[in-house]
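In the working numbering, the protein residues as written are 601 to 957.
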């Protein structure tokens, strides 16, 4: 009975799809829309990259030298953000074609005939690297607050590095499923389009394009994404919650300034995690457009531009939530005060970070 019910559901879904698109998808991207997309991609990149580079410089020069490992994590996160921005705005520059799982590009990689499929793989790799590093920041903050002797405390660096490595490999393994997904790409024809969406064969005339077959191993990518998010997101917020509980329980052991520093860092991590909504929301819209096949391609193309704002939002969050960097930026303002209050004195700052180390 269960097998019969499943067959009926699949038949109904196939029939519904056939009613919605009896001849497959049929739309085109006109020259005006294409120019708007490319102009928007280049403009966002031109605005974001200088801010990202400024953030990297200030993290290297103005962040507290006592938190060496945490500073390196933030630098790695920001470097990945710069690479994502350059990839999406200059090197790849794609126009998404959802609800068709495909795209074409006129970036530098496409002009040198770099396989567009591996441009997609590179994008997945960089985005996952950002997510992994952000989780590492939470792991590091969690370990630094745990008291000695706690059963979650990893006293040996070797154990911490082993845990971090396994976690990174587990998430980045999604790139493997992307590599082996079913696809057609330039140069050449597309058997998938010929069989399912013949009206979309205009895509084959583009210089650099790729189309994925949802009936192939491409579905494994969707399952892998759901599995990764089901593990990474709850773990992230559980650790944040535990950090707040630890801070509350250790109030008597920490100075007011040390407690305030930890809380400021945790709040910064929460703000950085909220920046991921710029990626998560567009991804949800793209998946919905593929499943429902009712969201116009112009909407999904606009949503894709929203996702490109993530590196900019992350850089602004780091600039505004790092006290030493914020103080440096305030020093360049013409109306700032040159007086240093006792709370911001160098002696007190050194005392705070010496306590952390």
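Quick reminder that beta carbons are idealized off the backbone N, C-alpha and C, glycines included.
All values derive from a computational prediction rather than experimental measurement.
Membership of residue 694 in the beta strand (DSSP E) is indicated by the continuous run 694-696. In terms of CA proximity to residue 723, 774 leads the group 760, 774 and 711. Here residue 865 is buried. Its C-beta has 16 or more other C-beta atoms within 10 Å. Judged by DSSP secondary structure, residue 807 falls outside any alpha helix (DSSP H); it is assigned neither H nor E.
By the CB criterion at 8 Å, residue 646 and residue 733 fall outside the cutoff.
Sixteen is the threshold: since fewer than 16 other Cβ atoms of the shown chains lie within 10 Å of the Cβ of residue 884, the residue is exposed. In the structure shown, residue 813 adopts coil according to DSSP, grouped into three states. Residue pairing by DSSP puts residue 702 in a beta bridge opposite 811. Distance from the CA of residue 660 to the CA of residue 678, rounded to the nearest whole angstrom, comes to 11 Å. Taking 8 Å as the cut-off, the Cβ atoms of residue 626 and residue 888 do not count as close. Residue 629 holds the alpha-carbon nearest to the alpha-carbon of residue 702 among 860, 629 and 920. Here residue 729 is buried. Its C-beta has 16 or more other C-beta atoms within 10 Å. Boundaries of the alpha helix (DSSP H) around residue 772: 757-772.
Contact holds between the stretch 684-691 and the stretch 637-654, because three or more Cβ pairs, one in each stretch, are under 8 Å apart.
Runs of beta strand (DSSP E) with 3 or more residues, each lying fully within the stretch 630-717, are found at 694-696 and 702-705, listed in chain order. Residue 779 holds the alpha-carbon nearest to the alpha-carbon of residue 821 among 854, 779, 836 and 830.
In the DSSP annotation of this structure, residue 783 is not part of any alpha helix (DSSP H); the continuous beta strand (DSSP E) holding it starts and ends at 783-785. Per the coordinates, the alpha-carbon of residue 691 lies some 36 Å from the alpha-carbon of residue 839.
Comparing alpha carbon positions, the residue from 743, 918 and 787 closest to residue 711 is 787. When C-beta atoms of the stretch 924-935 are compared with those of the stretch 737-745, fewer than three pairs fall below 8 Å, so the two segments do not count as touching. Contact check for residue 859 against residue 847 passes: the beta carbons are separated by less than 8 Å. Here the stretch 647-657 makes no contact with the stretch 759-766; the two share fewer than three CB pairs at distances below 8 Å.
The beta carbons of residue 696 and residue 904 sit about 5 Å from each other, so the pair counts as a contact at 8 Å.
In this model, residue 877 and residue 837 are separated by some 15 Å (Cα to Cα).
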